Structures are given as structure tokens and as C-alpha cells.
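Peer 1: For the sequence shown, the working numbering gives the first residue as -4, with consecutive numbering after it.
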Amino acid sequence: MSHALALEGLSKRYGSFTAVERVSLDVEQGAFLTLLGPSGSGKTTILMCIAGFVEPSEGAIRLDGRDITPLPPERRDFGMVFQGYALFPHMTVAENVAFPLRVRKMGAAAREAKVRGALDLVQLSAFGDRLPRQLSGGQQQRVALARALVFDPALLLLDEPLSALDKKLRAELQDELKALHRRVGRTFVNVTHDQEEALSLSDRVAILNHGKLIQQGAPAELYERPATRFVADFLGKSNFLQGVVREHLPEGFAIGAGATRVVQRGGVVPALGAPVLLSLRPEKMSLLAEGEAAENVVGGTIASWSYLGAGYALNVETPDFGMLRVTLPTWNAPIAPREGLAVRLGWSASASVPVLDDPA
Ligand code: ATP
-4 MSHALALEGL SKRYGSFTAV ERVSLDVEQG AFLTLLGPSG SGKTTILMCI
46 AGFVEPSEGA IRLDGRDITP LPPERRDFGM VFQGYALFPH MTVAENVAFP
96 LRVRKMGAAA REAKVRGALD LVQLSAFGDR LPRQLSGGQQ QRVALARALV
146 FDPALLLLDE PLSALDKKLR AELQDELKAL HRRVGRTFVN VTHDQEEALS
196 LSDRVAILNH GKLIQQGAPA ELYERPATRF VADFLGKSNF LQGVVREHLP
246 EGFAIGAGAT RVVQRGGVVP ALGAPVLLSL RPEKMSLLAE GEAAENVVGG
296 TIASWSYLGA GYALNVETPD FGMLRVTLPT WNAPIAPREG LAVRLGWSAS
346 ASVPVLDDPA
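Structure (C-alpha cells):
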């Protein structure tokens, strides 16, 4: 059975240092939640509080509404996969997976059936007799997943489970982990500082910085509507257009920055004269052809560019917004980029989103 998890005002202090500050989160049953944030933002501390290895200074952890904060880790019965796999090297794959069942004193016949089921789940049925060192890194990590899931845990906790793997293998395992989550239908809580992993794996992402929950939501929601500069910058790349509200329009407002006017549709309309920061993703701008129009147009000069295979990344120097990063698909780029080339950038008024500037 799948379970719902709730964190209520969770804080953790080490002396005068606050590692986690009043974090509240609801995780629906069967969800895949990722805690995402830079190093030191408190992700692992939160996961360890959920697991029961770290005692919160304040707040509560609930499983299906029941307060589990006072329970020791072994009474929580959560599955865990941490970085660096840590399989028992002298045990076969099947013995590794059977280990949590032995600890729980399950009979041999039931145990074997469970181990078979768990190895099937991670598509390693043929590898039961091997030793961990006879497996690739990705296979070892799948064994660790099978071992964490074999006793039907209420929650699966994952701490950077893929970080020790190379990039290609990591991408493969990401797909597998996602499919595995669908197959087992349990609640997963994952920790990572890799934003692409968070976007591709999770159905909810919670973004942390300095121990605080900054924003949470579905991946697309966070990417398309970041609330703050930090979120826009941490989740993908973004340009920031700074200006002052000059006009209110039927469908939004216009900001001015120097001689440039930019129209914004969507988001809360600030007062006239208020300073505004717009986040604009590099892929949401295009290079305009001669005579081509767009709702927003800014001229600039290509300062530098790079070829990335699927796309070009351009740094375009503009008079009123400084350097803007623009990405273009290579296959239909309107021009061959060249340093010093004068270009016109165009974008739709709904391509950008107003964000709050983070406190310094
Ligand atoms: P990373 O991605 O680097 O693992 P994280 O987001 O998981 O980082 P945490 O490990 O939760 O961060 O640490 C949050 C902060 O709490 C860090 O500044 C860390 O130094 C501090 N911290 C963690 N454990 C302790 C401890 N036992 N005593 C003192 N400070 C601690």
C-alpha cells in the first residue's frame, strides 16, 4: 500500500546554525517527490529526519496523518538507497536482496518468492547468483533498489542514488527509476542537486535554499512559472530583464529600461513606477529575419557563441539589458552565428515571467 507523507514546520538546528528552517510539505501517496537544491541547502538533513536518523529540533513528520516523529528508524520501515550503493560484497545478489527479509525473520519459501519478484522488478532475474563486483555500476544500483523495495516499504527514500554513475548510465537509470516508480506505485522521496534529474524523474519538486523551502510544484510549473530569481536560475538557465513599470495594458503591462520597452503578459500587474524583474528563458527568444516583427524586439551584437550539437548558444550584448543568452536549434537557425554580428532578438509577451528578486 502506498502512503502519504507530510512535513509540518520541520526545523533542524546544529548549535546556532539552522540547517533546515520550518519546512512544510505534503507528499501525496504514490508521488515521486524530489528535494532539489544546491550543496548545503538541507536536502539530506530533511531526508534523514524522514528516515529517523536525525531528530528534528521542531516540527512533525506524519505518515497518513499519524505522527511518526518519535519513532526510531527501524520502526518506520522505510526503504533507502544512498549514493555509493553499499551492497554487501561477500553476498550474492540474491542474498543481498534477501537480507532485509532475513532481518524480519521471513520464512525461506516466502523469502525466495519475494526476492524473485524484486529482481524481476529491476530486470535482474538472471543475476541472482553473481557477486556485486561481477556487476556494472548501474546493475549494482538496481540491486540496491531491489533490496530497498523487497520488504514492501511504506516509503522509498533515495539520496543521490545515481550520482556515482557516468552521465549516460545515469540517464538510463533515470528512465528505469521512473518506470520502476510507476510499476510499484509507492511514494518515493528523492534528493538531488541535479536539476535535469529532478525535472525528468519527479512529479513534484521542492526547491530548497539555505534550509528553506523556496517553491514547490510540478516540474513544468516550476520551470514555466518560477516565483523567484533563485528558482529561475537554479532550474534551467534564465535571463533577467530589469525595468520599471511604465504602462498598464489591457492584457498586462509594459516595462521600460533605458530606451527599451518590453511588454509582459501574464503574472501579477505591479503599480506604475514599480521596479520589475522578468525571467526570460534563452530558448524562448528567436533571431528575427530582416523585416520580421515580434511583440518584443531588442537589438544587440553577438559577443560570443558556441555550437552545442542540437543548438547554438549565443551571448548577445544589448544596450539596456546587458548580455542575453539565446539558444537556437541548429537545424533551422536563420543565420550562421558570427562574433560582432548585429542581430534583432524577438520574443512573445507571454514568454517571460515576473519573478521576485531574492533577498541579498
Ligand atoms: P549536499 O548536496 O552537499 O549533500 P545538502 O543540501 O544535502 O547538501 P545537508 O547535508 O542537509 O545539505 O546540510 C545542510 C547544512 O547543515 C550544511 O551546511 C551542513 O554543513 C550542516 N550540517 C549537516 N549535518 C550537520 C551536523 N551533524 N552538524 C553540524 N552541521 C551539520
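We treat Cβ as the ideally placed atom computed from N, Cα and C, and that holds for glycine.
None of the values given here were measured: they were computed from a predicted structure.
Round the Cβ separation of L31 and V184 to the nearest angstrom and send it over; I've been treating them as touching at under 8 Å.
Peer 2: At roughly 12 Å, the Cβ-Cβ gap does not stay under 8 Å, so L31 and V184 are not in contact.
Peer 1: Are there any heavy atoms of the ligand ATP lying less than 7 Å away from the beta-carbon of K38, as far as the coordinates show?
Peer 2: Checking every heavy atom of the ligand ATP against the Cβ of K38, one is found closer than 7 Å.
Peer 1: Within a Cβ cutoff of 6 Å, which residues of the same chain sit near P270, ignoring the five residues on either side of it in sequence?
Peer 2: Result list for P270: V239, in chain order.
Peer 1: Could you work out which residue in G206, L172, L153, A215 is closest to V186 when comparing CA atoms only?
Peer 2: Here the closest residue by C-alpha is L153.
Peer 1: Any chance the CB of G32 is under 7 Å from a heavy atom of the ligand ATP?
Peer 2: G32: yes, Cβ under 7 Å from the ligand ATP.
Peer 1: Exposed or buried, what is H(-2) when buried is set at 16 or more other beta-carbons lying within 10 Å of its beta-carbon?
Peer 2: Answer is buried; the Cβ neighbour count reaches 16.
Peer 1: How many angstroms separate the CA atom of I56 from the CA atom of F27?
Peer 2: Looking at the two C-alpha atoms, the distance is approximately 17 Å.
Peer 1: Identify whether L172 lies in helix, strand or coil by the three-state DSSP scheme.
Peer 2: It is helical.
Peer 1: Check V264 in the structure and name its three-state DSSP category.
Peer 2: Looking at V264 - three-state DSSP - the assignment turns out to be coil, as it is neither helix nor strand.
Peer 1: Alpha carbon to alpha carbon, how far is D315 from A252? Give it in angstroms, no decimals.
Peer 2: Taking the straight line from one Cα to the other gives about 6 Å.
Peer 1: What whole-angstrom Cβ distance do V338 and L275 have, given they're in contact under 8 Å?
Peer 2: Actually they are not in contact, since the Cβ atoms of V338 and L275 sit about 16 Å apart, beyond 8 Å.
Peer 1: Just the C-alpha distance for G112 and V145, rounded to the nearest angstrom, thanks.
Peer 2: Spanning the two alpha carbons is a distance of roughly 8 Å.
Peer 1: Kindly indicate which three-state DSSP category I356 falls into: helix, strand or coil?
Peer 2: The question about residue 356 has no answer here: the residues shown for the chain are numbered -4 through 355.
Peer 1: Please confirm if the stretch 115 to 132 is in contact with the stretch 81 to 98, defined as three or more CB-CB distances below 8 Å between the two stretches.
Peer 2: At 8 Å Cβ cutoff, the stretches touch.
Peer 1: Report all residues from its chain with a CB closer than 6 Å to the CB of E278; omit the five preceding and five following residues, and keep chain order.
Peer 2: Answer for E278: T322, listed in chain order.
Peer 1: What are the residues that DSSP puts in a beta bridge with Q211?
Peer 2: Paired residues: A201.
Peer 1: Whole angstroms is fine: what's the gap from S347's alpha carbon to T223's?
Peer 2: Straight-line Cα distance between these residues: approximately 13 Å.
Peer 1: Counting Cβ pairs closer than 8 Å, one from the stretch 163 to 181 and one from the stretch 11 to 22, do we hit at least three?
Peer 2: The stretch 163 to 181 is not in contact with the stretch 11 to 22.
Peer 1: Any chance you could list the beta strand (DSSP E) runs of at least 3 consecutive residues sitting entirely within the stretch 214 to 279, in chain order?
Peer 2: Counting whole runs of 3 or more residues, the stretch 214 to 279 contains the beta strand (DSSP E) stretches 234 to 244, 247 to 252, 255 to 260, 270 to 275.
Peer 1: Please report how far the alpha carbon of S299 lies from the alpha carbon of L319, in whole angstroms.
Peer 2: The straight-line gap from Cα to Cα measures roughly 11 Å.
Peer 1: Can you check DSSP and say which residues form a bridge with T296?
Peer 2: According to DSSP, which records beta bridges pairwise, T296 is partnered with E312, A337.
Peer 1: Can you tell me which of D62, A193, I45 puts its alpha carbon nearest to the alpha carbon of M75?
Peer 2: The option with the nearest alpha carbon to M75 is I45.
Peer 1: Is S301 helix, strand or coil by DSSP?
Peer 2: It is a strand residue.
Peer 1: Please state whether the Cβ-Cβ distance between P51 and T64 is less than 8 Å.
Peer 2: In contact: P51 and T64 (Cβ atoms closer than 8 Å).
Peer 1: Below 7 Å, is the gap between the Cβ of G35 and the nearest heavy atom of the ligand ATP?
Peer 2: Checking the Cβ of G35 against the ligand ATP gives yes.
Peer 1: Measuring CB to CB, does S158 end up less than 8 Å from Q78?
Peer 2: Yes.
Peer 1: Using a Cβ-based criterion (distance less than 7 Å to any ligand heavy atom), does F316 qualify as near the ligand ATP?
Peer 2: No; taking the cut-off as 7 Å, the Cβ of F316 has no heavy atom of the ligand ATP nearer than that.
Peer 1: Give the DSSP bridge partners of S362, in chain order.
Peer 2: Because the chain spans -4 through 355 in this model, residue 362 falls outside it and cannot be assessed.
Peer 1: I'd like the ranges of any alpha helix (DSSP H) spanning at least 4 consecutive residues and lying wholly in the stretch 123 to 161.
Peer 2: Runs found: 132 to 144.
Peer 1: Would the beta-carbon of V186 be found less than 7 Å away from any heavy atom of the ligand ATP?
Peer 2: Yes; taking the cut-off as 7 Å, the Cβ of V186 has a heavy atom of the ligand ATP nearer than that.
Peer 1: Should N327 go down as buried or exposed, given a rule of 16 or more other Cβ atoms within 10 Å for buried?
Peer 2: Exposed.
Peer 1: Mark P245 as exposed unless 16 or more other C-beta atoms lie within 10 angstroms of its C-beta, in which case mark it buried.
Peer 2: By the 10 Å Cβ count, P245 comes out exposed.
Peer 1: Is any heavy atom in the ligand ATP found nearer than 7 Å to the beta carbon of F12?
Peer 2: It does: the Cβ of F12 is within 7 Å (strictly closer) of some heavy atom of the ligand ATP.
Peer 1: If we call anything under 8 Å between Cβ atoms a contact, is D198 one with A213?
Peer 2: In this structure, A213 lies closer than 8 Å to D198 by Cβ.
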